[in-house]
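A.B. asks:
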Amino acid sequence: MSACLLERNNKQTFTQKSAPGRSVYLSNRGNSLRQHRGILQEGFAQYVVNKYHDTNNPDGIINMGTSENKLCYDLLYKRLTHPDMLHIDPSLLQYSDSRGHAFLREVVAEFLSHYCCSPNPLKPDNVVVMNGCTSLFSCIAAVICDPKDAILIPTPFYGAITEDLHLYSDVKLFHVPLDCEADGKDSRAFHLTVGKLEEGLKRAKEEGLTVRALILMNPHNPLAEIYTPEEMFAFLEFCKRNELHVIVDEVYMLTVFDKSVSFHSVLSVDSLPDPQRTHVMWGLSKDFALSGIRVGTLYTENKDLLEALAQLGSFHSVPGSTQHQVAQLLQDREWIDEQFLPENRRRLKAAHSYLAQELQSMGISYLDRPACLYVWADLRKYLRESSFEEELALWRSFLRHKVVLSCGQAFFCSTPGWFRFVFADQQHHLQLGQFAPFNMYIPSTF
Amino acid sequence: MSTPVYLSNRGNSLRQHRGILQEGFAQYVVNKYHDTNNPDGIINMGTSENKLCYDLLYKRLTHPDMLHIDPSLLQYSDSRGHAFLREVVAEFLSHYCCSPNPLKPDNVVVMNGCTSLFSCIAAVICDPKDAILIPTPFYGAITEDLHLYSDVKLFHVPLDCEADGKDSRAFHLTVGKLEEGLKRAKEEGLTVRALILMNPHNPLAEIYTPEEMFAFLEFCKRNELHVIVDEVYMLTVFDKSVSFHSVLSVDSLPDPQRTHVMWGLSKDFALSGIRVGTLYTENKDLLEALAQLGSFHSVPGSTQHQVAQLLQDREWIDEQFLPENRRRLKAAHSYLAQELQSMGISYLDRPACLYVWADLRKNTLFEELALWRSFLRHKVVLSCGQAFFCSTPGWFRFVFADQQHHLQLGQFAPFNMYIPSTKSSDQLKEKDSPVPDTASLITEEFVLLDCQASRPTESLDSLIGTLRHQIHSSDWLEKNTPELSAGEDPEILDVFKALLQRARK
Numbered sequence: 001m002s003a004c005l006l007e008r009n010n011k012q013t014f015t016q017k018s019a020p021g022r023s024v025y026l027s028n029r030g031n032s033l034r035q036h037r038g039i040l041q042e043g044f045a046q047y048v049v050n051k052y053h054d055t056n057n058p059d060g061i062i063n064m065g066t067s068e069n070k071l072c073y074d075l076l077y078k079r080l081t082h083p084d085m086l087h088i089d090p091s092l093l094q095y096s097d098s099r100g101h102a103f104l105r106e107v108v109a110e111f112l113s114h115y116c117c118s119p120n121p122l123k124p125d126n127v128v129v130m131n132g133c134t135s136l137f138s139c140i141a142a143v144i145c146d147p148k149d150a151i152l153i154p155t156p157f158y159g160a161i162t163e164d165l166h167l168y169s170d171v172k173l174f175h176v177p178l179d180c181e182a183d184g185k186d187s188r189a190f191h192l193t194v195g196k197l198e199e200g201l202k203r204a205k206e207e208g209l210t211v212r213a214l215i216l217m218n219p220h221n222p223l224a225e226i227y228t229p230e231e232m233f234a235f236l237e238f239c240k241r242n243e244l245h246v247i248v249d250e251v252y253m254l255t256v257f258d259k260s261v262s263f264h265s266v267l268s269v270d271s272l273p274d275p276q277r278t279h280v281m282w283g284l285s286k287d288f289a290l291s292g293i294r295v296g297t298l299y300t301e302n303k304d305l306l307e308a309l310a311q312l313g314s315f316h317s318v319p320g321s322t323q324h325q326v327a328q329l330l331q332d333r334e335w336i337d338e339q340f341l342p343e344n345r346r347r348l349k350a351a352h353s354y355l356a357q358e359l360q361s362m363g364i365s366y367l368d369r370p371a372c373l374y375v376w377a378d379l380r381k382y383l384r385e386s387s388f389e390e391e392l393a394l395w396r397s398f399l400r401h402k403v404v405l406s407c408g409q410a411f412f413c414s415t416p417g418w419f420r421f422v423f424a425d426q427q428h429h430l431q432l433g434q435f436a437p438f439n440m441y442i443p444s445t446f
Numbered sequence: 001m002s003t004p005v006y007l008s009n010r011g012n013s014l015r016q017h018r019g020i021l022q023e024g025f026a027q028y029v030v031n032k033y034h035d036t037n038n039p040d041g042i043i044n045m046g047t048s049e050n051k052l053c054y055d056l057l058y059k060r061l062t063h064p065d066m067l068h069i070d071p072s073l074l075q076y077s078d079s080r081g082h083a084f085l086r087e088v089v090a091e092f093l094s095h096y097c098c099s100p101n102p103l104k105p106d107n108v109v110v111m112n113g114c115t116s117l118f119s120c121i122a123a124v125i126c127d128p129k130d131a132i133l134i135p136t137p138f139y140g141a142i143t144e145d146l147h148l149y150s151d152v153k154l155f156h157v158p159l160d161c162e163a164d165g166k167d168s169r170a171f172h173l174t175v176g177k178l179e180e181g182l183k184r185a186k187e188e189g190l191t192v193r194a195l196i197l198m199n200p201h202n203p204l205a206e207i208y209t210p211e212e213m214f215a216f217l218e219f220c221k222r223n224e225l226h227v228i229v230d231e232v233y234m235l236t237v238f239d240k241s242v243s244f245h246s247v248l249s250v251d252s253l254p255d256p257q258r259t260h261v262m263w264g265l266s267k268d269f270a271l272s273g274i275r276v277g278t279l280y281t282e283n284k285d286l287l288e289a290l291a292q293l294g295s296f297h298s299v300p301g302s303t304q305h306q307v308a309q310l311l312q313d314r315e316w317i318d319e320q321f322l323p324e325n326r327r328r329l330k331a332a333h334s335y336l337a338q339e340l341q342s343m344g345i346s347y348l349d350r351p352a353c354l355y356v357w358a359d360l361r362k363n364t365l366f367e368e369l370a371l372w373r374s375f376l377r378h379k380v381v382l383s384c385g386q387a388f389f390c391s392t393p394g395w396f397r398f399v400f401a402d403q404q405h406h407l408q409l410g411q412f413a414p415f416n417m418y419i420p421s422t423k424s425s426d427q428l429k430e431k432d433s434p435v436p437d438t439a440s441l442i443t444e445e446f447v448l449l450d451c452q453a454s455r456p457t458e459s460l461d462s463l464i465g466t467l468r469h470q471i472h473s474s475d476w477l478e479k480n481t482p483e484l485s486a487g488e489d490p491e492i493l494d495v496f497k498a499l500l501q502r503a504r505k
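Chains G and D, in that order, are what the protein sequence lines are. Counting from 1, position 422 in the first sequence corresponds to residue 422 in the UniProt record's numbering; the numbering is continuous, with no gaps. Counting from 1, position 269 in the second sequence corresponds to residue 269 in the UniProt record's numbering; the numbering is continuous, with no gaps.
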């Protein structure tokens, strides 16, 4: 017998929003933009206009698909309503440096020096602040790549980076697929090695692509993996050998909730193989549970890159008052170290355990990792056949049953059936049994 | 080993890009004048900002309702802007633009500034290398806004500074000129997709009449062009006898699907640092396409809340902010106007905006960019006409929305260094003719002449006459050589050498 979800059989499933027809008002580029449909964005778009609420909207959608931390609102509320957050000063209300105010870049440099354990103090002039990592990806692509150039990325990966590089900057991602089955050579599932990167680079060149960079995310999205310092160094050396830029997104660096595990930032490396081509991204969305504040940072020693990014800064500016608030937050070591981080990690760990139990009770296997806001789980047994169409049908079924979950194709996973479950939310949102699709299956033998 | 090249062709091009407006600002922002903390700093009369209302804004922005937090403000949200804000913006624009019917929140998009809105709109209504028409002079940074990401070019429709028989005024935009511009663009093989209009205008501070505007909209309709009307200065009209008519007040637009109205808080609310711009359009396709780019231009949730609080506070806007702001703008405008008059500088006298467009042509011998640089060296940023692609050199934009002592033109040496030029060169040879301190004049890189010289050629002759006189009457030539100014602007040096040669003859 093959696994199936009864209610999916031959029933008109969730009405797929078909791509809109061509508009005579827009250009070719505009039409292409308008018709673009990323799955992660689609799930979010459905949720944002119909959010579940215990009392106000019990028929709404629960979002386990968007990577946000909703566990710390009380802690943030307390800190963000503190009087130092309502400071006004003329320079905050006027046009300012397109790289971000100097006061903020100084605070960011000190913050990263401390939390990334840099061997030497980081420099404010090597910092650029923009309205989110989405914007940073867009700009970096625009300046290190020409249109149609490519950047390497191991799969699965956070799929929205595809849009971040493509929509404005017309840069493509070249995938280096990581298999979900650990084989003889791999020590674990989805194992990134230098060998695979080299092979990927070779294939890309054979396809005639100009590869300019590699993107690494550490801790990883969606795997929640943390690379060892040795692994990371080997990846950096691979880039140096091939004169590739490397963009290391460390946006989850403070979400390690298992005390026995340590995270090593690229900024802690004493002697980078190629400092001029090593660029480290960070932001407040994940580590500080402030996805709505829209602030991302880039650290690099490359002056040419910094100058070019400054030219695009006016498209990605952050309000002066927000820059002030972020500076206040990031320099409040006491609040960060004694109030926020320990409690946040405790709650993340508890929520992670809760979801892990739920998955286990459903007989769903998953990658057990000590960081991030989500778990990468194996739902292959729910598919009637191993295909991405089936996976998408399952995704739609979840959505019809009022839960957003992100399916593997949104992360360009090479094997259908993997899903990412975001757990950083209240427990009653994580009770999988409340969502019919989890209960409606026939145990599979494949 | 060759020098490594880190950036792409596009990246290098971006990095080397130097807009004059941005250059002036960049110099200022790292060396801002301050009465006590930095008296040697730069005074900025070049960037269009309103610095007159900080006290009023401070009071309102520190009000407790501005520190409201709520979970949805700290989380990812609608890429068009939160629904609550789009509702407030729709109501605000309905009221202040006098729309015949209530405007709809779903026709509103909010982004982090009009810069971003221009970039997005260009990306979705144009393909790379397409063109958009714009009358010159215009706010030059729009060139970068359309080009840097979206690779769209502006095709200029030049407006002359001299009113001719057909024109009623200088820099007069007519449908005829637009039609001619469109024709030329097509002859050059360009695909023109839209027209940009700014009303009230930057840098002219003009306000189009409703009839003029309607005629421009009809021109666009006839040619199936989108029209982007930037009304970002709509509330800065400080002369009570003048009225501004928003495109949103038009009952029956010629082509509503191609009419898009931009606004923002930077100018009308003196909040350039808050980074909020809005677009209103009925075109659903455009709105959907813009939403796809919204995540690159997002506004923080708490800022969206603050803006909503501000825009719905009609009492504060109508009774506290706008009247006092306009009173101050009018006073500052008058002050600057007097300063310009006392310097003999003519200018366009207009009842809106934060700046005055002034004619420095007859006040200078030297090239416009050299004059710009000279001002900068003397610690004042002024925006020169080429930053606005003005077809005639010598026009400058003076921003007046600042404290009076920043507007005293006499404190900037270039304005004072002039030769009275009504006397002929013969007369200047008379010993009892008053001769200004020309030693400093000669070491200065340029000269400003008394405006009573009516034509540039007369001024040049007068200067040469004076130089000749001076050279005869002093040991200046022994003391001063061209090599002294070798470290300065080479263009100045060339002109200086040429003048010196003529004076020696």
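We treat Cβ as the ideally placed atom computed from N, Cα and C, and that holds for glycine.
Closer than 8 Å, CB to CB, is D368 (chain G) near chain D or not?
C.D. replies: no
A.B. asks: Identify, in the order they occur along the chain, each residue of the same chain with its Cβ nearer than 6 Å to the Cβ of K349 (chain G), setting aside the five sequence neighbours on each side.
C.D. replies: F257
A.B. asks: Candidates D:L133, D:Y335, D:R361 and D:H333: which alpha carbon is nearest I345 (chain D)'s?
C.D. replies: D:R361
A.B. asks: Give the range of the alpha helix (DSSP H) segment to which I140 (chain G) is assigned.
C.D. replies: C133 to I144
A.B. asks: Please name the residue or residues paired with G283 (chain G) in a DSSP beta bridge.
C.D. replies: G:G296
A.B. asks: Ordered along the chain, which non-local residues of its own chain (more than five positions away) have a Cβ less than 8 Å from that of A150 (chain G)?
C.D. replies: V171, K172, L173, F174, A204, L209, T210, V211 and R212
A.B. asks: Please decide whether F400 (chain D) counts as near chain G, where near means a Cβ-Cβ distance under 8 Å.
C.D. replies: no
A.B. asks: Between which two residues does the alpha helix (DSSP H) containing A131 (chain D) stretch?
C.D. replies: Note, A131 (chain D): premise wrong, no alpha helix (DSSP H); beta strand (DSSP E) at A131 to T136.
A.B. asks: Hey, would you say A327 (chain G) sits closer than 8 Å to V107 (chain G), going by beta carbons?
C.D. replies: yes
A.B. asks: Step through the CB atoms of chain D and report whether any lies within less than 8 Å of the CB of A142 (chain G).
C.D. replies: yes
A.B. asks: Does E367 (chain D) pass the burial test, meaning 16 or more other C-beta atoms within 10 Å, or should it be called exposed?
C.D. replies: The residue in question, E367 (chain D), is buried, as its Cβ has 16 or more Cβ neighbours within 10 Å.
A.B. asks: Closer than 8 Å by beta-carbon distance: list the chain G residues that pair up with T303 (chain D), in chain order.
C.D. replies: Contacts between T303 (chain D) and chain G, judged by CB atoms closer than 8 Å, involve P319, S321 and T322 in chain order.
A.B. asks: Any idea what DSSP makes of A270 (chain D), helix, strand or coil?
C.D. replies: For A270 (chain D), the secondary structure class from DSSP, reduced to helix, strand or coil, is coil.
A.B. asks: Whose CA, out of D:L322, D:S342 and D:T136, lies closest to the CA of D239 (chain D)?
C.D. replies: D:L322
A.B. asks: Is H472 (chain D) buried or exposed, if buried means 16 or more other CB atoms sit within 10 Å of its CB?
C.D. replies: Here H472 (chain D) scores only 46 on pLDDT, less than 50, and its place in the model should not be relied on; the value that follows carries that caveat. Exposed, because fewer than 16 other Cβ atoms sit within 10 Å of the Cβ of H472 (chain D).
A.B. asks: Among G:G132, G:V266 and G:N439, whose alpha-carbon lies nearest the alpha-carbon of S118 (chain G)?
C.D. replies: Residue G:V266 holds the alpha-carbon nearest to the alpha-carbon of S118 (chain G) among G:G132, G:V266 and G:N439.
A.B. asks: I want to see whether chain D comes within less than 8 Å of Q276 (chain G), judged by CB atoms only; does it?
C.D. replies: yes
A.B. asks: Apart from the five residues just before and just after H166 (chain G), which ones in its own chain have a Cβ nearer than 7 Å to its Cβ?
C.D. replies: K172
A.B. asks: Do V295 (chain G) and V128 (chain G) have their CB atoms nearer than 8 Å?
C.D. replies: no
A.B. asks: Less than 8 Å between the CB atoms is what I'm expecting for L432 (chain G) and E358 (chain G), so what's the real figure, rounded?
C.D. replies: 5 Å
A.B. asks: From F216 (chain D) to R327 (chain D), what distance separates their C-alpha atoms?
C.D. replies: 32 Å
A.B. asks: Assuming W376 (chain G) contacts L112 (chain G) under a Cβ cut-off of 8 Å, what Cβ separation, rounded to an integer in Å, is found between them?
C.D. replies: So it is not a contact: roughly 28 Å between Cβ atoms.
A.B. asks: How far does the beta strand (DSSP E) with G363 (chain G) in it reach, from first residue to last?
C.D. replies: Unbroken run through G363 (chain G): none, as it is neither H nor E.
A.B. asks: Give the straight-line distance between the Cα atoms of T115 (chain D) and N44 (chain D), rounded to the nearest whole angstrom.
C.D. replies: Answer to the nearest angstrom: the Cα atoms are 20 Å apart.
A.B. asks: Hey, how far is the Cα of D106 (chain D) from the Cα of P20 (chain G)?
C.D. replies: 18 Å
A.B. asks: Three or more C-beta pairs closer than 8 Å, one from the stretch 405-416 of chain G and one from the stretch 296-307 of chain G: is that the case here?
C.D. replies: no
A.B. asks: Per DSSP, what kind of secondary structure is D24 (chain D) in: helix, strand or coil?
C.D. replies: Note on residue identity: the sequence assigns Gly, not Asp, to residue 24 (chain D). The DSSP-derived three-state label of G24 (chain D) is helix.
A.B. asks: In whole angstroms, what is the alpha-carbon distance linking Q427 (chain G) and K104 (chain D)?
C.D. replies: 38 Å
A.B. asks: Hey, would you say V124 (chain D) sits closer than 8 Å to R29 (chain G), going by beta carbons?
C.D. replies: For V124 (chain D) and R29 (chain G), yes; Cβs fall inside 8 Å.
A.B. asks: How about V129 (chain G): is its C-beta nearer than 8 Å to some C-beta of chain D?
C.D. replies: no
A.B. asks: Does the beta carbon of I69 (chain D) sit closer than 8 Å to a beta carbon anywhere in chain G?
C.D. replies: At least one chain G Cβ lies under 8 Å of I69 (chain D).
A.B. asks: Taking a cut of 8 Å between CB atoms, which residues from the stretch 110-131 of chain D lie near chain G?
C.D. replies: N112, G113, T115, S116, S119, A123, V124, I125, C126, D127, P128 and D130
A.B. asks: If we count the other Cβ atoms within 10 Å of its Cβ and call it buried at 16 or more, is E251 (chain D) buried or exposed?
C.D. replies: Checking the sequence shown, residue 251 (chain D) turns out to be Asp, not Glu. D251 (chain D) comes out exposed.
A.B. asks: Taking 8 Å as the limit between beta carbons, can you name the residues of its chain near S8 (chain D), skipping five residues before and five after?
C.D. replies: Nothing meets the Cβ criterion.
A.B. asks: Mapping DSSP to helix, strand and coil, what is C451 (chain D)?
C.D. replies: Its pLDDT being 34, under 50, C451 (chain D) is placed unreliably by the model, and the measurement read from it follows with that caveat. Three-state DSSP puts C451 (chain D) in coil, outside helix and strand.
A.B. asks: Using a Cβ-Cβ cut-off of less than 8 Å, give me the residues of the stretch 293-319 of chain G that come near chain D, in sequence order.
C.D. replies: I293, R294, V295, N302, D304, L305, E307, A308, Q311, L312, S314, F315, H316, S317, V318 and P319
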